[in-house]
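Engineer: Just so you know, the sequences run in chain order A and B.
Taking numbering that gives the first Met the number 0, the leading residue of the first sequence gets 0, the next gets one more, and so forth.
Taking numbering that gives the first Met the number 0, the leading residue of the second sequence gets 0, the next gets one more, and so forth.
From the three backbone atoms N, C-alpha and C, an ideal C-beta is built for every residue, glycine too.
All figures in this text were calculated on a predicted structure; none of them were measured in a lab.
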Amino acid sequence: MSETALHHANPTGFAHQFEDLEQQHEAGRLGMWIFLATEILFFGGMFTAYTIYRALHLPAFVIGSHLLEVQFGATNTVVLICSSLTMALAIRAAQTGKEKSTIIMWLVLTMILGATFLGLKLRFEWYHDYVEHIVPGFGFVYRPEWGSLAPSVQMFMCFYFFMTGLHALHMVVGLGILAVLVGMAGKGKFTSQYYVPLEISGLYWHFVDIVWIFLFPLLYLIGGRYASGGH
Amino acid sequence: MADHDAHGEHVQHTEHVVPISTYVGVFLVLLVGTALTTGVAYIDLGRWNTVVALIIAVTKMLFVVLFFMHVKYNPGLTRIVIVGAFFWLGIMICFSMADELTRSWEYNPLPWNSSIILPYIQHFLF
Chain A
0 MSETALHHAN
10 PTGFAHQFED
20 LEQQHEAGRL
30 GMWIFLATEI
40 LFFGGMFTAY
50 TIYRALHLPA
60 FVIGSHLLEV
70 QFGATNTVVL
80 ICSSLTMALA
90 IRAAQTGKEK
100 STIIMWLVLT
110 MILGATFLGL
120 KLRFEWYHDY
130 VEHIVPGFGF
140 VYRPEWGSLA
150 PSVQMFMCFY
160 FFMTGLHALH
170 MVVGLGILAV
180 LVGMAGKGKF
190 TSQYYVPLEI
200 SGLYWHFVDI
210 VWIFLFPLLY
220 LIGGRYASGG
230 H
Chain B
0 MADHDAHGEH
10 VQHTEHVVPI
20 STYVGVFLVL
30 LVGTALTTGV
40 AYIDLGRWNT
50 VVALIIAVTK
60 MLFVVLFFMH
70 VKYNPGLTRI
80 VIVGAFFWLG
90 IMICFSMADE
100 LTRSWEYNPL
110 PWNSSIILPY
120 IQHFLF
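What follows is the structure, encoded as structure tokens:
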């Protein structure tokens, strides 16, 4: 039997080891959540280190935080929230049996928004930081106004780059997953009966969004912005 | 969705289609949350700035998890996994903080010197 014939014989993608399609979907979903639990602890290690260093070096963390541009952090938060909405609508399009062009449209929109996030981050934040000499390991320059706090300011920037870097890496992986989903959707793999790959990839994408929801206030808004009066 | 029940048993369906209006509502809540957390950062609340920022972030997370990630419509097992993950995260953060913030650092800068270190060891052991 050719693969096409198999596909037609089993349009729901039902695997024989499961009781029914419902159980199969639940197993897939649960597996993804357990993976996300490990991801929570993976990022959690950085958040733990961040919390301790912030408690020990708060004044330096305030200085470091004020080196970041709030408007880019806020813009990127909005971009990611939009991408979460388009991802949710891509899954919904499959659930409600929309045509594959609709699913692909929402997926491609999600990819465009994800790429916009990374583009803004690289072009307007990291590149800018490099020019300003506040990238640890790449010509970091202690500023005289930081005084004895300068090494701890550099430590904050280490946290900033490792945390946003790890997050950006997850975004790149997410874009790869979305590209695969676009391919699968193009082949007409998704139906209102079978959309588990879309749904669990959506869980991953939303998880990455949640990480950013915490990174934005914790990195960009330490100690408030009222004292700095802009910079 | 048509019920497909080959075994003649009751099958609990969790394949819930969320209305677009719910998604858009959650989206708007998230936008408002982002505006709020950014705005609050420009108001001096002292140490409460961080508390408010975290409350807003947790609220945003709950909306994403419950609606975008469908946990509201999922079986309880999913919730157990999530609560478990955050419980372990709590252990990691709280125990690390408890260690770090209650440790006495005064002996720490001592260089290795047996004539200084050994009396301490003897002091604590005997």
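(1) Okay, do the segment 138–146 of chain A and the segment 30–47 of chain A touch, 3+ Cβ pairs below 8 Å being the bar?
(2) Using a C-beta cutoff of 8 Å, does leucine 88 of chain B count as contacting chain A?
(3) Please list, in chain order, the chain A residues whose beta carbon lies closer than 9 Å to that of alanine 97 of chain B.
(4) Using a Cβ-Cβ distance under 8 Å, would valine 17 of chain B count as near chain A?
(5) Does the ligand NAP have even one heavy atom less than 7 Å from the beta-carbon of valine 39 of chain B?
(6) Are the segment 166–183 of chain A and the segment 34–41 of chain B touching by the rule of at least three beta carbon pairs closer than 8 Å?
(7) If you follow the alpha helix (DSSP H) that serine 147 of chain A is in, where does it begin and where does it stop?
(8) Does the segment 57–64 of chain A come into contact with the segment 149–164 of chain A, if we say contact requires no fewer than three beta-carbon pairs (one atom in each stretch) closer than 8 Å?
(9) Let me confirm a value: tryptophan 47 of chain B is counted as buried when at least 16 other C-beta atoms fall within 10 Å, else exposed. Which label applies?
(10) Counting pairs of beta carbons, one from the segment 77–92 of chain A and one from the segment 102–115 of chain A, are three or more of them closer than 8 Å?
(11) Looking at the structure shown, is aspartate 43 of chain B part of a helix, part of a strand, or coil, going by DSSP?
(12) Specify the secondary structure class of histidine 15 of chain B as computed by DSSP and reduced to three states.
(13) Within 8 Å of any Cβ in chain A, is that where the Cβ of phenylalanine 85 of chain B sits?
(14) Would you tell me roughly how many angstroms separate the C-alpha atoms of isoleucine 127 of chain B and phenylalanine 206 of chain A, rounded to the nearest one?
(15) Does lysine 59 of chain B get closer than 8 Å to chain A when you measure Cβ to Cβ?
(16) Give me, in chain order, the residues of the same chain whose beta-carbon lies closer than 6 Å to that of valine 23 of chain B; leave out the 5 immediate sequence neighbours on both sides.
(17) Assuming the contact rule is C-beta atoms closer than 8 Å, leucine 79 of chain A and phenylalanine 116 of chain A should be a hit. Round their C-beta distance to whole Å, please.
(18) Whole angstroms is fine: what's the gap from leucine 100 of chain B's alpha carbon to alanine 48 of chain A's?
(19) What do you reckon, are the CB atoms on glycine 187 of chain A and lysine 99 of chain A nearer than 8 Å?
(20) Identify every run of the alpha helix (DSSP H) within the segment 51–131 of chain A, keeping only runs that are complete inside it and at least 4 residues long; order them along the chain.
(21) Would you check if the distance between the CB atom of methionine 60 of chain B and the CB atom of isoleucine 212 of chain A is smaller than 8 Å?
(22) Apply the 10 Å Cβ neighbour rule to threonine 21 of chain B and answer buried if 16 or more other Cβ atoms are within range, or exposed otherwise.
Structural biologist: The structure says:
(1) no
(2) Answer yes: the Cβ-Cβ gap between leucine 88 of chain B and chain A drops below 8 Å somewhere.
(3) Residues of chain A passing the Cβ test: none, with the nearest at roughly 11 Å.
(4) yes
(5) As presented, the structure is devoid of all ligands, the ligand NAP included, so that no description of it is given.
(6) In this structure the segment 166–183 of chain A does not lie against the segment 34–41 of chain B, because fewer than three pairs of beta carbons, one per stretch, are closer than 8 Å.
(7) Note, serine 147 of chain A: premise wrong, no alpha helix (DSSP H); not H, not E.
(8) yes
(9) exposed
(10) Contact between the segment 77–92 of chain A and the segment 102–115 of chain A is present, because at least three Cβ pairs lie under 8 Å.
(11) coil
(12) DSSP places histidine 15 of chain B in coil when its eight states are reduced to three.
(13) Nearest CB-CB separation between phenylalanine 85 of chain B and chain A: below the 8 Å threshold.
(14) There is no way to answer for residue 127 of chain B, as the model of chain B reaches only from 0 to 125.
(15) yes
(16) none
(17) 6 Å
(18) 13 Å
(19) yes
(20) 57–64, 69–94, 99–119 and 126–130
(21) yes
(22) exposed
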